[in-house]
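Step one of this worksheet: look at the structure below.
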Amino acid sequence: MSDLNRTPESKANQNNFPLSPDEHEKLLDRIRNIYPRDIDLVTFAQQREYGYQVDVKKSSKQAIVLQTKDSAGVSLDTIIVRRNKETQQYYYTNPNDAKDKGPIWKFVMNRKQTTSYIEIDKHLSGFLKLENLKEKEPQIRAININSSSIENRAVSMVKHFNLLPLTDLNYLKARGFNENVLNSYEFLGRVLNENHKGYINTAFPMYNKDGEIIGLERKNFSNTDSNSIFFGGAAEGSAKKDSVWYSKIWPDKKIDNIVLGETAIDLMSFHMLKNKSISNEHNVYVASNGYWTENQISIVQELIQKHQPSGVVLANDNDGPGRRYNINLTGQLNRPISKEDMALNPMNQFQPQPLITKDNKLSVQCDLLGKYTARLRFTAVFDNQTEGLKIFKSLEDKLQDLRRISSQQVETKIAEISDKKGVYEVTFVNATMELNKAQDIVLDVRGMKNYLSIEKPRGKDFNEDLKVKLGLVKDESLEIKEGKVNQLSQDDLNKRNSFDLSKDLPNSKEFDGRKAGGLGR
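All residue numbers for the sequence shown refer to the UniProt record's numbering, where the first residue is 1 and numbers rise by one.
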């Protein structure tokens with residue numbers, strides 16, 4: 001029986017509240033008919049969350065080709081979007097995966113790794129509402145604010161973004177925040193209201209490496225009979241890939257931790273949940289508002305260097321993307337160069353970010369090669385090729401831990417090597433247990449255990465944890481303990497059953513360590 005024809009009772013198990021038969025029919029109509037017709041799948045796939053880009057050369061009027069690429073510009077995933085002339089519904093196919101096809105709800109299901117139509121409905125409803133609110137806006141210009149005062153920042157933001165002081169707290173209260181958190185020093189002036197086309201949104205300014213505002217993340221919500229639907233996105237023209245949201249920085253105080261997360265909402269939730277244990281800490285919170293880009297990580301590294309925190313805490317989501325973000329941040333951030341070392345060698349301040357230092361010769365990046373395959377790329381610098389081979393041999397030894405816990409093959413190879421630099425690749429199944437082990441390995445080989453820590457939410461993210469604590473939603477982890485379906489485990493099982501390196505990768509020979517100069521398996 002199709003998932004879309006399941007009974008209201010079975011659907012209710014996927015939500016925090018039961019669905020009435022009427023609500024169930026409305027949900028099915030939205031997913032089957034409204035979203036595939038009213039949401040342009042090409043625009044939707046280009047959201048930062050998914051990261052697809054149109055390949056103009058390969059596209060036609062009838063078939064739009066979109067791809068995701070890694071940092072080197074190598075294609076990772078390809079989809080082709082078309083529109084049915086009769087139904088006017090958008091649908092997609094994947095030339096590399098015959099099972100990856102269908103309307104927009106299938107696109108979301110496959111990439112967010114969920115079978116909950118309640119969650120898919122929330123996601124698509126939020127996007128559609130935001131699209132309906134949008135209007136043509138001029139390209140946002142960088143606003144250089146010489147004064148660090150909140151008042152001057154607010155005045156500049158009002159002029160350029162039509163922003164208002166934070167007086168409408170409805171969205172934030174629906175997220176579970178109390179006024180004590182909103183009045184915390186860290187968040188004063190960093191959360192505002194926006195009057196956009198007659199709607200009052202909650203707004204989070206985005207800053208570039210020079211402290212200039214070059215973007216805006218807006219949030220809002222709507223209530224249904226059974227729950228609240230939250231939605232948000234960037235203002236038109238926002239340079240999200242080159243900017244981050246960050247909290248107010250304590251003046252003349254030693255910074256304890258820089259805490260990194262995917263959204264300001266998650267970080268404010270973290271602050272509220274951990275209030276007792278961190279009440280005496282002076283922390284800085286930094287959010288990417290989506291996936292972490294190279295430029296954003298560079299901004300974080302500059303904040304680390306400037307403020308010399310005692311440590312870095314990763315508070316990303318407890319899901320596949322969140323684990324990969326943890327790996328990338330662990331693999332690319334470094335401890336600050338001490339002021340003493342900077343005085344001895346002032347040229348250090350001109351090094352590209354993130355730094356590969358004399359004490360840490362490795363940087364690591366994690367990306368996806370299709371839906372079921374993850375890849376680690378270890379980039380090493382060394383004095384000669386012999387030293388490089390020793391570094392890669394030590395990596396091979398560390399990877400035995402990953403092989404021991406994985407039920408699927410782990411492949412390694414030396415992708416490139418010269419006298420001064422080399423790249424070592426590891427390919428494995430994109431599943432929870434393997435990603436967790438990869439996190440541990442990267443933390444270990446980069447020597448960051450005593451400086452960087454990972455805080456995992458109990459649920460998907462810290463805002464979900466906060467709402468559970470406040471009784472706003474049920475704790476779904478308790479349902480798992482009571483014997484109900486553990487969806488995450490089922491997702492991982494599906495990945496492992498579908499994982500086949502020879503099919504998943506463009507050329508399986510390229511990833512055979514023995515044939516590509518690697519250290520074997």
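Note that beta-carbon positions come from the ideal geometry of N, C-alpha and C, so glycine has one too.
How many angstroms separate the CA atom of residue i from the CA atom of residue j?
i: F428; j: V410; result: 5 Å
i: G232; j: G447; result: 37 Å
i: Y117; j: N223; result: 18 Å
i: T293; j: Q113; result: 22 Å
i: N178; j: R37; result: 39 Å
i: N283; j: T373; result: 36 Å
i: G189; j: V442; result: 36 Å
i: K248; j: N257; result: 13 Å
i: P165; j: L27; result: 36 Å
i: R335; j: Q439; result: 18 Å
i: L362; j: T68; result: 25 Å
i: I297; j: V313; result: 14 Å
i: V468; j: D121; result: 21 Å
i: Y90; j: N84; result: 6 Å
i: S147; j: I327; result: In this predicted model, S147 has a pLDDT of only 39, less than 50, meaning its place in the structure is not dependable enough to derive any value.
i: I454; j: T87; result: 47 Å
i: D275; j: P309; result: The question names Asp, but residue 275 in the sequence shown is Asn. Each residue's alpha carbon lies about 19 Å from the other.
i: S149; j: R30; result: Note that S149 scores a pLDDT of 45, beneath 50, so its modelled location is shaky and nothing firm can be said.
i: I414; j: E396; result: 11 Å
i: K99; j: Q53; result: 21 Å
i: V56; j: I64; result: 8 Å
i: N162; j: D77; result: 38 Å
i: F187; j: P95; result: 46 Å
i: I39; j: L124; result: 8 Å
i: K101; j: E119; result: 19 Å
i: N295; j: K197; result: 31 Å
i: S20; j: R32; result: 18 Å
i: L182; j: E236; result: 26 Å
i: N110; j: D97; result: 11 Å
i: A380; j: I391; result: 8 Å
i: R48; j: H24; result: 30 Å
i: Q365; j: L329; result: 8 Å
i: S338; j: E212; result: 26 Å
i: E281; j: L470; result: 24 Å
i: K398; j: F378; result: 13 Å
i: M433; j: K61; result: 43 Å
i: S407; j: N430; result: 12 Å
i: K449; j: M206; result: 30 Å
i: D252; j: H307; result: 10 Å
i: K437; j: W250; result: 35 Å
i: D3; j: K456; result: Because the pLDDT at D3 is just 44, under 50, the model does not fix this residue reliably, and the point stays unresolved.
i: T115; j: N180; result: 37 Å
Since residue i contacts residue j with CB under 8 Å, what's their CB separation in whole angstroms?
i: L128; j: V81; result: Their Cβ separation, rounded to whole angstroms, is 17 Å, which puts L128 and V81 out of contact at 8 Å.
i: G176; j: L472; result: 6 Å
i: G215; j: K254; result: The Cβ separation is near 30 Å, so there is no contact.
i: K219; j: N201; result: 6 Å
i: V426; j: T412; result: 5 Å
i: residue 522; j: D70; result: Lying before the first or after the last residue shown, residue 522 is absent from the chain, which here runs from 1 to 521.
Please state whether the Cβ-Cβ distance between residue i and residue j is less than 8 Å.
i: Y246; j: Y285; result: yes
i: Y451; j: G311; result: yes
i: N208; j: S238; result: no
i: L192; j: R323; result: no
i: L260; j: L466; result: no
i: Y35; j: I104; result: yes
i: L333; j: I304; result: yes
i: I229; j: G73; result: no
i: A287; j: E262; result: yes
i: A45; j: F107; result: yes
For the ligand FMN, is there any heavy atom lying closer than 7 Å to the beta carbon of residue i?
i: N430; result: The ligand FMN is not among the ligands present in this structure, which contains no ligands whatsoever.
Below 8 Å, can you find three or more Cβ-Cβ pairs linking the stretch 263 to 270 to the stretch 172 to 182? As far as the Cβ criterion goes, the stretch 263 to 270 touches the stretch 172 to 182, which means the pair count is three or higher.
Measuring CB atoms only, is the stretch 290 to 305 touching the stretch 397 to 404, in the sense that at least three cross pairs come out at less than 8 Å? In short, these stretches do not touch, since the Cβ pair count stays below three.
Are three or more beta carbon pairs between the stretch 313 to 320 and the stretch 457 to 474 nearer than 8 Å? Inter-segment contact for the stretch 313 to 320 and the stretch 457 to 474 is present: three or more beta-carbon pairs are separated by less than 8 Å.
Across the stretch 411 to 419 and the stretch 368 to 386, are there enough close Cβ pairs to call them in contact, namely three or more that are closer than 8 Å? The stretch 411 to 419, when compared against the stretch 368 to 386, does touch it at the 8 Å Cβ threshold.
Jot down the residue ranges of each uninterrupted beta strand (DSSP E) in the stretch 82 to 112, minimum 3 residues, whole runs only, in chain order. Those beta strand (DSSP E) runs which fall completely within the stretch 82 to 112 and span 3+ residues are 90 to 93.
Segments assigned beta strand (DSSP E), at least 3 residues, entirely inside the stretch 202 to 263: Taken in chain order, the whole beta strand (DSSP E) runs of length 3 or more contained in the stretch 202 to 263 are 213 to 223, 228 to 234 and 257 to 261.
Which runs of the alpha helix (DSSP H), 4 residues or longer, sit entirely within the stretch 162 to 209? Listed in chain order, the complete alpha helix (DSSP H) runs (minimum 4 residues) inside the stretch 162 to 209 are 170 to 174 and 179 to 182.
Which runs of the alpha helix (DSSP H), 4 residues or longer, sit entirely within the stretch 289 to 343? Counting only runs of 4 or more, we get 294 to 307 and 320 to 332.
What alpha helix (DSSP H) runs, 4 residues minimum, are completely inside the stretch 408 to 454? List check, alpha helix (DSSP H) in window: 432 to 445.
Could you tell me which uninterrupted alpha helix (DSSP H) segments, each at least 4 residues in length, are contained entirely in the stretch 9 to 73, listed from first to last along the chain? Assignment of alpha helix (DSSP H) within the stretch 9 to 73, counting only whole runs of 4 or more residues, yields 21 to 29, 35 to 38 and 41 to 45 in chain order.
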